[in-house]
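The structure appears below as structure tokens.
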Amino acid sequence: MNTSADAARCTPLVLGVLISGSGTNLQAIIDRIAEGQLPAKIAVVISNVASAKGLDRARRAEIPTVVLDHKAFPSRAAFDEKMVETLRAHDVECVVLAGFMRIVTKVLLDAFPYRVINIHPSLLPAFPGVNAQAQAVAYGVRISGCTAHFVDAGTDTGPVIAQRSVDVFERDDEESLRKRILREEHVLLPAVLGWIARGWLEVDTSGGGRPRVRLNPSNP
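What follows is the structure, encoded as structure tokens:
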């Protein structure tokens, strides 16, 4: 069975963005919305870190912000229950993990099936988890990049939506590769959200195995 990732839309896709740090991918989304390139609105930005600089980016854009300290909850599931409650209170349709350094649980995933998007700094399935750029440099690969994917219960194992590649040079270290990949993340993530907002993504679960994501711009 093919399930459309979104129907044809007359109103902007309502996003909830989860961050833990500087929020540069959040800023890329804010900028593309402001430029009229992304038919979406950010209803709320949630961070588990009160000092996250991304919160300042959201406030400057007059986007509501919420801080939920994960240490204040007895379990990951309890934390995610509060996030779901907050996201639903803001009528969120699609959840974006933009540098959110927490593993999410089925509580969140079941509340937003095929509606939780992550951006990861490698060409998955290569180098999942943390420090992907350092992993790439240490392994000696010649091509790396970034991956936008739907989130599942694994670590960076969800269905791939799209990828962008970058060359890895002999002179690269973790930081130089990180900066170059990040520039591609800022292009890829808003583009993918635009596809979702326009109803162009289809998730094919008919094979009984791993779901496949297809881009179909002919959808109305």
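Okay, so the sequence shown: first residue is 662 according to this note's numbering, each after it adds one.
Note that the Cβ used here is the ideal one computed from N, Cα and C, for glycine as well.
Check	Outcome
How many angstroms separate the CA atom of residue 868 from the CA atom of residue 711?	43 Å
So for residue 698, helix, strand or coil by DSSP?	coil
For residue 720 and residue 863, what's the separation of their Cα atoms in angstroms?	34 Å
Could you check if residue 871 is buried or exposed, using at least 16 other CB atoms within 10 Å of its CB as the buried criterion?	exposed
Quickly, what does DSSP pair residue 708 with across the bridge? List them, please.	680 and 728
Are residue 809 and residue 849 close, meaning C-beta to C-beta below 7 Å?	yes
For residue 674 versus residue 707, is the C-beta distance shorter than 7 Å?	no
Can you tell me which of the three DSSP states residue 863 falls into?	strand
Near residue 785, which residues of its chain fall below 7 Å by C-beta distance, leaving aside the five closest residues on each side in sequence?	808, 810, 817 and 821
On the criterion of 16 or more Cβ atoms from any shown chain inside 10 Å, does residue 879 qualify as buried, or is it exposed?	exposed
So the candidates are 672, 694 and 747; which of them puts its Cα closest to the Cα of residue 847?	694
Determine, using beta-carbon pairs with one atom in the region 758 to 769 and one in the region 731 to 750, whether at least three such pairs fall under 8 Å.	yes
Please classify residue 783 as buried or exposed, where buried requires at least 16 neighbouring CB atoms within 10 angstroms.	buried
Do residue 806 and residue 794 have their CB atoms nearer than 7 Å?	no
For residue 686, does the three-state DSSP call read helix, strand or coil?	helix
Starting from residue 855 and walking both ways along the alpha helix (DSSP H), at which residues does that stretch end?	835 to 858
Would you list the one or two residues that DSSP bridges to residue 826?	806
For residue 799, count the other beta carbons within 10 Å of its own beta carbon; 16 or more makes it buried, fewer makes it exposed. Which is it?	exposed
What separation, rounded to the nearest whole angstrom, lies between the Cα atoms of residue 844 and residue 747?	30 Å
Among the residues of its own chain, which have a CB less than 6 Å from the CB of residue 836, if the five just before and after it don't count?	none
Excluding the five sequence neighbours on either side, which residues of its own chain have a C-beta within less than 7 Å of the C-beta of residue 861, listed in chain order?	876, 877, 878 and 880
In chain order, which continuous runs of the alpha helix (DSSP H) of length 4 or greater are located wholly inside the region 756 to 807?	767 to 772 and 793 to 800
From residue 677 to residue 705, what does the alpha carbon distance come to, in whole angstroms?	5 Å
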